[in-house]
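In our numbering, the protein residues as written are 1 to 86.
Think of the CB as a built atom: it goes at the ideal place given N, C-alpha and C, for glycine as much as any other residue.
If you're wondering where the values come from, they're calculated on a predicted model, not measured in any experiment.
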């Protein structure tokens with residue numbers, strides 16, 4: 001654990017003092033900071049996803065799945081055919 005010094009608005013400090021008992025404030029503030037950091041990282045990841053470059057495809061995901069399944073079915077069928085006898 002490390003001790004830090006921060007400055008917050010007087011109203012916010014009063015709300016903290018009136019809501020959270022004295023012995024629980026450090027834990028409360030640490031949890032609030034942790035949640036804020038997780039939210040910040042989540043927002044950054046979302047922004048990155050929203051800014052991904054889109055590319056054009058000539059077919060949709062349903063067609064792609066059908067094609068993959070068709071190829072997989074053909075592959076499995078070929079594996080289970082008896083080998084020709086010499």
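Every unbroken beta strand (DSSP E) within the stretch 6-79, with a cutoff of 3 residues, ordered by chain: none
Beta-carbon separation (whole angstroms), residue 25 vs residue 37, contact threshold 8 Å: Looking up residue 25 in the chain shown gives position 25. Looking up residue 37 in the chain shown gives position 37. The pair is not a contact, with the Cβ atoms about 18 Å apart (cut-off 8 Å).
Closest residue to residue 27 among 14, 51, 44 and 1 (Cα-Cα distance): Stepping through the chain shown from its first residue, residue 27 is reached at position 27. Of 14, 51, 44 and 1, the residue nearest in Cα terms is 1.
Distance between residue 83 and residue 63 (C-alpha atoms, nearest Å): Position 63 of the chain shown, counted from the start, is the residue given in the question as residue 63. Position 83 of the chain shown, counted from the start, is the residue given in the question as residue 83. Going by the C-alpha atoms only, they are around 32 Å apart.
Alpha-carbon spacing of residue 34 relative to residue 65, whole angstroms: Indexing the chain shown from 1 puts residue 34 at position 34. Indexing the chain shown from 1 puts residue 65 at position 65. So the two alpha carbons sit approximately 40 Å from each other.
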